[in-house]
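In my numbering, the protein residues as written are -19 to 65.
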């Protein structure tokens, strides 16, 4: 942020504000699961309907597949630990 012309304290302020907004969104997203003990797909269906929830469940599945691939490539049989030494 300093590179686009902000001072250091303005950059810290922007980062703090963005983290606050993100934390509030995560709180409201996770409140249903923690209070009512229901999973994410059930909440998505109640908000977006049966057909609308397929996008969010599919996006979550794609993210899981990508993350599994990253773990498989870099953390297979301790190779990441061996490379760091």
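Ideal placement from N, C-alpha and C gives every residue a C-beta, glycine not left out.
Where does residue i sit, in a helix, a strand or coil, going by DSSP?
i           : result
residue -14 : coil
residue 19  : coil
residue 55  : coil
Measuring CB to CB, does residue i end up less than 7 Å from residue j?
i         : j          : result
residue 7 : residue 24 : no
Thinking just about the alpha-carbon of each residue, which of the options is nearest to the one in residue i?
i          : options           : result
residue 21 : 11, 33, -4 and 12 : 33
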